[in-house]
Amino acid sequence: MARTRGTGSRQTGVLRRRSLLLGSAALGALGVAGATAGCSRVPSGDALARLKSQGTVRLGIAGEVPYGYVDEKGEFTGEAPELAKVIFQRLGIGSVQPVATDFASLIPGLNSQQFDVVSAGMYVNPERCEQVIFSDPEYQMLDCFIVRKGNPKGLHSYEDIVRTKARFGTGTGYAQIGYAVANGYPEDDIVILQDQVAGLNAVEAGRVDAFAATPLTARGVVQNSTKAEATEPFAAVVDGEEQIDGGAFAFRPTDTELRDAFNVEIHKMKKSGELFRILKRFGFTENEMTTLTAEELCR
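Written as structure tokens, this is what we have:
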């Protein structure tokens, strides 16, 4: 991809990922099981050695397609869990256990030891880097709007949203809130909806003119719609800088050995093309593969 990631100012405290919950009953059951397992404190020390001895790693997921979710068969999958299964197997940890929670609870749950790793393709940003350590990202991502068929208002950027005074919606904690506000859209006027499905419904019903999401989730949710479509992906602009985010695994700050071993494997998979072959199954394209590092994104 020809674009480079900007280093413009970010809205402090704005969460950088979305949460699309599917199969709420299955997620609820997994969440109860995970919460029960997470009540016991894990010993300090070398996390990689401990997990190898246990033979199991607990993965925090947030139920968002295509990143990490429970499918119609009740099985957990997604680009991050499938990648985790491969890498942790190679690190000598044969079993992965999903712990489903809402997105905003992922970092608190990780640091309170309810699970061992966040496996949700979480965006890396400076605020989060103060709380956790990240692997290098497995993908990079732009933004996208869900709009009415034909895109009657011609909405292709946050500048367009502001210029046309469009009714704008996005999800709770989405990075797109900060991007819209940084471009001059009044925060109090943003329609906050539960997820992409609610966003699609709002667009189809005419309650909002655009719902902001990632290209993968937007394309997926409009696939069977006769009233709405997804715009072409674009980079948000903040203070004149294009913003491209990268999704990665998150680890506790003390677990550097585990993170470093994970990074060794993910870089091998990038070099061999295996990483793309896994992510391609979930709708990722070569344009979404990345050479960004966590160090760059944390700055």
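If you use mature numbering (1 follows the signal peptide of the UniProt record, and there is no 0), the sequence shown corresponds to residues -37 to -1, 1 to 262, in order. The beta-carbon is built from N, C-alpha and C at its ideal position, and this holds for glycine as well. Only a predicted model underlies this, so the values are computations on that prediction, with no experimental measurement involved.
Of the residues the options, which one's Cα is nearest the Cα of residue i?
i: L255; options: D99, F131, F212 and Y32; result: D99
i: A198; options: E259, L105, L54 and E27; result: L105
i: E27; options: T219, Q77 and L69; result: L69
i: S120; options: G113, C107, A181 and G132; result: C107
i: K15; options: Y32, E42, I56 and T189; result: I56
i: V59; options: A129, K128, V20 and A173; result: V20
i: D79; options: D172, F225, A10 and T180; result: A10
i: I24; options: Q52, A12, R53 and Q77; result: Q77
i: Q52; options: C261, E90, E220 and A224; result: A224
I need the boundaries of the alpha helix (DSSP H) containing residue i, first residue and last residue.
i: Y84; result: In the sequence as displayed, the identity of residue 84 is Gly instead of Tyr. Taken as a continuous stretch (DSSP letters only), G84 belongs to no alpha helix (DSSP H), being part of the beta strand (DSSP E) at V80 to Y86.
i: F51; result: E42 to R53
i: E228; result: T219 to S235
i: Y121; result: Y121 to T127
i: L163; result: Q159 to A168
What's the C-alpha gap between residue i and residue j?
i: L238; j: E101; result: 8 Å
i: A67; j: G37; result: 23 Å
i: E150; j: V144; result: 6 Å
i: D34; j: G41; result: 9 Å
i: A138; j: I153; result: 13 Å
i: G72; j: A257; result: 21 Å
i: G117; j: D123; result: 8 Å
i: Q103; j: G210; result: 6 Å
i: T127; j: V184; result: 25 Å
i: T177; j: S235; result: 27 Å
i: Q186; j: L22; result: 29 Å
i: E192; j: I50; result: 36 Å
i: Y142; j: A63; result: 28 Å
Terminal residues of the continuous beta strand (DSSP E) containing residue i?
i: P61; result: S58 to A63
i: I155; result: V154 to L156
i: A176; result: A173 to A176
i: D208; result: D208 to F214
i: A67; result: It is not in any beta strand (DSSP E) - A67 carries neither H nor E in the DSSP assignment.
i: T133; result: F131 to G134
Which residues share a DSSP beta bridge with residue i?
i: V20; result: V59
i: residue 263; result: No answer is possible for residue 263: the residues shown for the chain start at -37 and end at 262.
i: V33; result: F39
Contact criterion: CB-CB distance below 8 Å. Does residue i meet it with respect to chain D?
i: A129; result: Among the chains in the structure shown there is no chain D, since it carries only a single protein chain.
So residue i and residue j are supposed to be a Cβ contact under 8 Å. How far apart are they, rounded?
i: Y30; j: D208; result: Actually they do not touch by this definition, with Cβ atoms about 13 Å apart.
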